[in-house]
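**Student:**
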Amino acid sequence: MKVAVFLPELLRHLFKKPATVDYPFKKLQVPEGFRGTPFLHPDICIACRACERDCPAEAIEITSVNDAEKKFKMVIHNDRCVHCAQCVDSCPTNPVKAMEMDHLYEIAAFDRHALKRDWVFVRAMPKKEPKPAVPAVPATPAE
Amino acid sequence: MKFNLPIGPQHPALKEPISLRMTVEGEVIRDADLRLGYNHRGLEKLAEEKNWTQNIYLVERICGICSHSHSTCYVQGVEKLMEIEPPKRGAYIRYLVSELERIHSHLLWLGVAGHEAGFDSFFMYTWRDREVVMDLLEMISGNRVHYAMNTLGGVRRDLDGTLIRKILDGLVVLKQRTEYYFKLGASEPTFVGRLAGVGYLSKEKAIALSAVGPMARASGITADVRKDDPHAVYDEVPFDVCSADSCDVLGRTVVRIKELFESYKICEFLLKNLPAGDIAVKAPKKAKPNEVVSRYEAPRGENIHYIKSNGTDKPERLKVRAPTLANYPAAIEMLKNGFIADIPLIFAAIDPCICCAERTVELVNARSGEERIVRFSELRKLAGERFEKSPVKRNVEWPF
Amino acid sequence: MAVLKTILYLLVYPGLLFLFVYGTFCEWFDRKVYARLQNRMGPTHTGRWGILQPVADFFKLMAKEDVVPTAADKTLFTLLPIVGLAIVATAGLLLPLWSPNPEAAGLVSFSGDLIVLLYLLSLPTLIFFLAGWSSTNLFSTIGGTRVLTMLFGYEVPLFMAVLSPAILANSWRIAEIGAFYRAKPLLLLPNIIGFFVALICVQAKLERTPFDIPHAETEIVGGTFTEYSGKKLAFFRLMIDIELVVSSGLIAAIFLGGFGGGAVLGFIQFVLKTLAVIFLLSLIRALTSRIRVDQVVSFAWRTMAPLAVLQLLIVIVIKGLIQ
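Protein sequences appear in the order of chains A, B and C.
Quick note: the first sequence uses the numbering used here, first residue 1, plus one each step.
Quick note: the second sequence uses the numbering used here, first residue 144, plus one each step.
Quick note: the third sequence uses the numbering used here, first residue 544, plus one each step.
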């Protein structure tokens with residue numbers, strides 16, 4: 001029967017640096033694709049409401065402020081957001097998506113309503129590819 | 144002299160609320176009884192209100208440790224309903240994350256078993272090594288738990304060369320540490336003395352009580368959904384089903400450590416043979432009316448999702464049968480004639496994920512003490528009747 | 544004047560204040576070593592290197608609400624922590640800290656004080672059992688019965704192991720035993736088996752892993768301390784800390800040659816030797832997992848007691864050889 005099998009490992013650890021990171025005095029870097037909080041690039045958004053439809057937590061709210069000027073207001077409820085980034089995937093604008101996730105994760109607040117962010121913007125026109133020139137089709141003779 | 148010892152709903156041995164009522168005599172348990180329902184969240188009803196894409200994230204949040212299992216099981220089922228198939232690269236990445244999740248879950252379990260036995264050093268070491276896997280998953284998917292890698296028709300993120308190299312390096316470190324734990328943890332006399340001979344479940348009883356996962360495999364039953372019902376990637380990947388014959392908690396520990404080694408092998412194979420191509424196909428918004436049963440080998444056992452669609456973009460019915468629910472009767476059987484000191488270990492050996500298993504509701508009449516298990520349809524009828532009879536509240540301040 | 548001096552000795556050094564300060568320091572040392580062995584940091588930010596953490600814990604507990612269960616016997620429930628603290632503090636007075644002169648070592652020193660010290664260290668076990676019993680809670684009762692079951696295991700080997708150096712040194716007085724071994728340091732070596740037996744039995748007496756069964760957190764919630772909160776729990780924890788100091792002081796005084804060299808040098812020796820013993824106790828704590836209470840009794844009677852008897856035989860043989 002072996003006694004004290006872990007002893008060499010334990011003693012070795014006495015001389016190693018601890019594996020704990022002394023948060024909040026030292027912080028680790030988050031990796032590149034980290035899903036933090038969502039935010040909007042208002043100059044590119046075409047207000048198609050795809051993100052509002054696909055959000056599982058109903059955290060995106062797009063309302064029309066002024067129909068004539070095509071002004072919209074988007075409110076992102078960060079207290080409801082589950083940080084799934086489906087809004088980024090559903091956003092159809094290209095080459096740069098209008099919704100993006102940043103790297104913030106220390107967003108605690110005392111009041112849940114302080115976590116809402118909103119933007120008022122005029123919607124950008126969706127980029128349309130120029131239609132290929134179609135030769136005029138002669139009218140079919142009425143039968 | 145018998146008395147009733149209540150373990151739970153609040154107890155330091157349990158991570159989640161569940162009520163185990165035992166009748167003890169001295170230090171020996173004579174009888175055990177189980178009460179569920181403290182963690183019921185109404186997920187199956189909520190799933191009927193959201194569309195197919197939103198449901199991926201809902202189903203993922205049934206559990207934190209086996210989140211990818213629920214998500215994959217659901218997505219497999221829905222892809223069958225929509226009659227689409229993910230491309231090869233997408234399938235490889237999806238099951239790579241599955242195996243990484245299995246690694247993280249088994250390392251977590253080893254730490255929890257050590258903590259329940261009082262062996263805190265082992266607990267600290269295994270969880271420190273689990274950080275390697277968590278960091279890898281964070282680099283792949285953007286989050287340490289709730290990876291959200293699945294989408295209908297494939298996965299959402301791709302792996303590039305540097306990431307693959309980092310994963311392979313991380314796997315080398317983990318393999319070394321797991322070999323160390325296998326060699327030493329299984330021969331530390333105080334630890335093995337706690338685990339050996341505890342929680343005996345014979346093979347016949349395990350089959351009769353429908354145990355699944357490592358619980359069943361430690362009793363000599365070689366049942367693994369990845370081998371019995373291979374789908375997508377698993378018929379191309381070479382691996383063995385791990386089992387042990389000792390039918391006790393030590394056997395379950397050994398099975399889980401062996402599964403860790405198998406997972407490392409599978410991950411390396413998947414990474415080295417990753418085919419090129421797309422990672423997802425476009426999925427339609429609606430699914431034709433049909434019903435499907437989807438099975439998946441979660442780290443805790445066999446996970447079953449039943450999905451029924453009716454032609455719209457929302458499911459008609461989603462039913463989740465988590466593996467822990469199938470292991471409860473076997474746990475009760477193991478608790479009888481054990482010692483009180485072994486309760487946390489026996490219960491931890493089934494790897495309880497209680498929030499996965501909260502699907503039924505038991506109604507206890509407070510005045511008369513009688514209990515009955517109510518079917519979901521009956522509850523729905525009761526709720527409907529009550530809603531119709533109650534007065535409608537106007538000007539209600541909803542908490543949003 | 545002499546009365547005032549005695550009261551000062553009782554309250555400040557080597558009495559309550561010194562035991563409080565040194566007890567919390569030893570608890571900090573134990574927690575830091577345990578954490579470093581597990582590759583963690585331990586207490587860090589309270590005071591430099593976290594040295595004030597146990598003091599902060601004590602004051603936090605003093606400020607919390609004190610809840611007494613309605614079915615419990617109030618007098619017994621309230622008195623137990625105070626009586627327990629008094630017992631271990633009295634045991635602390637018997638340590639030979641004062642001066643190396645055997646006539647005046649320790650505030651109280653007389654022939655046979657080794658037996659009195661061992662007796663005073665057994666009383667806390669009874670206090671824990673009564674604490675569990677008077678709480679009228681199922682978990683506490685189970686904890687209390689486990690404490691007594693363990694007592695049947697480790698008490699006999701501990702007594703036998705501690706008595707062997709006394710037999711070799713021909714005296715029942717702790718200070719004289721220390722002086723004997725300081726004069727002939729080589730005679731410490733035959734007592735090595737006894738040293739390890741005493742170390743393991745002291746670990747069982749202090750209810751630390753692998754013997755922390757009576758207050759096993761994951762099994763019976765808090766064990767004997769389930770119903771205690773606030774000031775009473777603060778006193779119980781202080782009692783455990785002082786018990787740690789006294790037990791390690793006893794082992795250092797008997798097995799490691801006592802504390803000689805005058806007041807200041809003796810004090811430094813006391814600190815170093817007790818910290819060495821506490822380091823070994825923390826190592827045992829980090830090394831093993833908790834064992835079941837029936838396994839404790841069988842381990843004690845199958846392994847510890849024969850080893851202690853072997854130690855006694857060795858000592859008797861060597862004593863015969865010397866004379």
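Quick reminder that beta carbons are idealized off the backbone N, C-alpha and C, glycines included.
Given the structure is predicted, the values throughout are model-derived calculations rather than measurements.
Say whether chain C places a C-beta atom closer than 7 Å to the C-beta of A:L28.
**Tutor:** In the first sequence, counting from the first residue as 1, residue 28 of chain A sits at position 28. Chain C contact via Cβ: absent.
**Student:** Which one of A:D89, A:D79, A:P56 and A:K27 has the shortest CA to CA distance from A:F110?
**Tutor:** In the first sequence, counting from the first residue as 1, residue 110 of chain A sits at position 110. Ranking A:D89, A:D79, A:P56 and A:K27 by Cα distance to A:F110 puts A:D79 first.
**Student:** Using the Cα positions of B:K370 and C:L824, report the straight-line distance between them to the nearest angstrom.
**Tutor:** To locate residue 370 of chain B, count along the second sequence from 1; it is residue 227. To locate residue 824 of chain C, count along the third sequence from 1; it is residue 281. For B:K370 and C:L824, the distance between alpha carbons rounds to 49 Å.
**Student:** Cβ closer than 9 Å: which chain A residues qualify as neighbours of C:L742?
**Tutor:** By one-based count along the third sequence, residue 742 of chain C stands at place 199. Residues of chain A passing the Cβ test: none, with the nearest at roughly 13 Å.
**Student:** For A:G36 and A:H83, I'd like the C-alpha separation in whole angstroms.
**Tutor:** Within the first sequence, numbered from 1, the residue matching residue 36 of chain A stands at position 36. Within the first sequence, numbered from 1, the residue matching residue 83 of chain A stands at position 83. Those two C-alpha atoms are separated by around 6 Å.
**Student:** Please state the DSSP three-state secondary structure of B:M292.
**Tutor:** By 1-based counting over the second sequence, the position of residue 292 of chain B is 149. Of the three classes helix, strand and coil, the one that applies to B:M292 here is coil, per DSSP.
**Student:** Name, in chain order, the residues that DSSP records as bridge partners for A:K73.
**Tutor:** Stepping through the first sequence from its first residue, residue 73 of chain A is reached at position 73. Answer by DSSP bridge pairing, in chain order: A:T63 and A:V120.
**Student:** Starting from B:F146 and walking both ways along the beta strand (DSSP E), at which residues does that stretch end?
**Tutor:** In the second sequence, residue 146 of chain B corresponds to position 3, counting from 1. B:F146 -> beta strand (DSSP E) spans K145 to I150.
**Student:** Would a C-beta distance cut-off of 7 Å place C:F620 and C:V611 closer than the cut-off?
**Tutor:** One-based indexing of the third sequence puts residue 620 of chain C at position 77. One-based indexing of the third sequence puts residue 611 of chain C at position 68. Cβ atoms of C:F620 and C:V611: closer than 7 Å.
**Student:** Mind listing the chain A neighbours of C:T846? Cutoff is C-beta to C-beta under 7 Å, in chain order.
**Tutor:** For the purposes of this step, residue 846 of chain C is identified with residue 303 of the third sequence, where counting begins at 1. By Cβ distance, chain A contributes nothing, its closest Cβ being about 11 Å from C:T846, past 7 Å.
**Student:** Determine which residues of the region 236-251 of chain B have a Cβ less than 7 Å from any Cβ of chain A, and write them out in chain order.
**Tutor:** Answer set for the region 236-251 of chain B: empty.
**Student:** Relative to the C-alpha of C:G792, which candidate in C:F671, C:V546 and C:L562 has its C-alpha closest?
**Tutor:** Stepping through the third sequence from its first residue, residue 792 of chain C is reached at position 249. For C:G792, the nearest C-alpha among the options comes from C:L562.
**Student:** Give the straight-line distance between the Cα atoms of C:G675 and C:D616, rounded to the nearest whole angstrom.
**Tutor:** Working through the third sequence from its first residue, we reach residue 675 of chain C at position 132. Working through the third sequence from its first residue, we reach residue 616 of chain C at position 73. One C-alpha to the other measures close to 12 Å.
**Student:** Do A:F121 and A:Q18 have their beta-carbon atoms positioned less than 7 Å apart in this structure?
**Tutor:** Walking along the first sequence from the start, residue 18 of chain A turns up at place 18. Walking along the first sequence from the start, residue 121 of chain A turns up at place 121. Checking the displayed sequence, the identity of residue 18 of chain A turns out to be Pro instead of Gln. Taking 7 Å as the Cβ cut-off, A:P18 and A:F121 do not qualify as a contacting pair.
**Student:** State the start and end residues of the unbroken alpha helix (DSSP H) segment that holds B:H448.
**Tutor:** For the purposes of this step, residue 448 of chain B is taken as the residue at position 305 of the second sequence. Here B:H448 belongs to no alpha helix (DSSP H); instead the beta strand (DSSP E) covers G444 to S452.
**Student:** Between A:I60 and A:T93, which are expected to be in contact by the criterion C-beta below 8 Å, what is the C-beta distance as a whole number of angstroms?
**Tutor:** Residue numbering aside, residue 60 of chain A sits at position 60 when the first sequence is read from its first letter. Residue numbering aside, residue 93 of chain A sits at position 93 when the first sequence is read from its first letter. Contact doesn't hold; Cβ gap of about 15 Å is too wide.
**Student:** Going by C-alpha distance, which of C:S677, C:L637 and C:G765 is nearest C:G558?
**Tutor:** Translated into the one-based positions of the third sequence, residue 558 of chain C becomes position 15. Taking only the C-alpha atoms, the option nearest C:G558 is C:L637.
**Student:** Output yes if chain C places a C-beta closer than 7 Å to the C-beta of B:W541; else output no.
**Tutor:** Looking up residue 541 of chain B in the second sequence gives position 398. Confidence at B:W541 is low in this model, with a pLDDT of 46, below 50, so its placement is unreliable and the value that follows should be read with caution. No - not a single Cβ of chain C is within 7 Å of the one on B:W541.
**Student:** Rounding to the nearest angstrom, what Cα-Cα distance links B:L295 and B:A426 in this structure?
**Tutor:** By one-based count along the second sequence, residue 295 of chain B stands at place 152. By one-based count along the second sequence, residue 426 of chain B stands at place 283. Distance between the alpha carbons of B:L295 and B:A426: 6 Å.
**Student:** B:A492 CB to nearest chain C CB: under 7 Å?
**Tutor:** Counting from one through the second sequence, the residue named residue 492 of chain B turns up at place 349. It does not; no Cβ of chain C falls within 7 Å.
**Student:** Name, going along the chain, the residues of the region 295-320 of chain B whose beta-carbon falls closer than 7 Å to a beta-carbon of chain A.
**Tutor:** So the close ones are R299 and R300.
**Student:** Could you check the C-alpha separation between A:V65 and A:A98 for me, to the nearest Å?
**Tutor:** In the first sequence, residue 65 of chain A corresponds to position 65, counting from 1. In the first sequence, residue 98 of chain A corresponds to position 98, counting from 1. Taking the straight line joining both Cα atoms gives about 19 Å.
**Student:** B:W270: which of B:Y238, B:H213, B:H247 and B:G285 sits nearest, CA to CA?
**Tutor:** Counting from 1 along the second sequence, the entry for residue 270 of chain B is found at position 127. Minimum Cα distance to B:W270 is reached at B:H247.
**Student:** Taking A:C81 as the reference, which of A:L10, A:K27, A:F72 and A:I107 has the closest Cα?
**Tutor:** Position 81 of the first sequence holds residue 81 of chain A. It is A:I107 whose Cα lies nearest to the Cα of A:C81.
**Student:** How many Å lie between B:G233 and A:Q86 at the Cα?
**Tutor:** To locate residue 233 of chain B, count along the second sequence from 1; it is residue 90. To locate residue 86 of chain A, count along the first sequence from 1; it is residue 86. Their Cα atoms are separated by approximately 17 Å.
**Student:** What does B:L403 reach in chain C if we use C-beta pairs closer than 7 Å?
**Tutor:** As a working note, residue 403 of chain B is residue 260 in the second sequence. Going along chain C, no residue has its Cβ under 7 Å from B:L403, so there is no contact; the nearest lies around 20 Å.
**Student:** Output, in sequence order along the chain, the residues in the region 3-19 of chain A whose CB is closer than 7 Å to any CB in chain C.
**Tutor:** Those would be A4, F6, L7, L10, H13, L14, K16, P18 and A19, in chain order.
**Student:** Taking beta-carbon pairs under 8 Å, can you tell me which members of the region 814-839 of chain C lie near chain B?
**Tutor:** Hits within the stretch, in order: A829, L830, T831, S832, R833, I834, R835, V836, D837 and Q838.
**Student:** Grouping DSSP H, G and I as helix and E and B as strand, with all else coil, what is C:G558?
**Tutor:** For the purposes of this step, residue 558 of chain C is taken as the residue at position 15 of the third sequence. C:G558: coil per DSSP, three-state reduction.
**Student:** Going along chain C in order, which residues have a C-beta closer than 8 Å to the C-beta of A:D22?
**Tutor:** What you label residue 22 of chain A is simply residue 22 of the first sequence in a count that begins at 1. Under the 8 Å cutoff, chain C gives M584 and T587.
**Student:** Given this structure, state the Cα-to-Cα distance separating C:F779 from C:L826, to the nearest angstrom.
**Tutor:** By one-based count along the third sequence, residue 779 of chain C stands at place 236. By one-based count along the third sequence, residue 826 of chain C stands at place 283. Their Cα atoms are separated by approximately 24 Å.
**Student:** Applying a beta-carbon distance threshold of less than 7 Å, which residues of chain A neighbour C:L580?
**Tutor:** Counted from its first residue, the third sequence places residue 580 of chain C at position 37. Neighbours of C:L580 on chain A, chain order: L10, H13 and L14.
**Student:** Which bits of chain C does B:S162 rub up against, with CB to CB less than 8 Å?
**Tutor:** Here residue 162 of chain B refers to the residue found at position 19 of the second sequence. None at all; the shortest Cβ gap to chain C is about 15 Å.
**Student:** Using a C-beta cutoff of 7 Å, does B:N453 count as contacting chain A?
**Tutor:** Stepping through the second sequence from its first residue, residue 453 of chain B is reached at position 310. Chain A contact via Cβ: absent.
**Student:** Measuring alpha carbon to alpha carbon, tell me which residue in C:V814, C:K603 and C:L701 is nearest C:S772.
**Tutor:** Here residue 772 of chain C is taken as the residue at index 229 of the third sequence, counted from 1. The option with the nearest alpha carbon to C:S772 is C:K603.
**Student:** According to a CB-to-CB cut-off of less than 7 Å, which residues of the region 28-53 of chain A neighbour chain B?
**Tutor:** Residues passing the 7 Å Cβ filter: P31, G33, F34 and R35.
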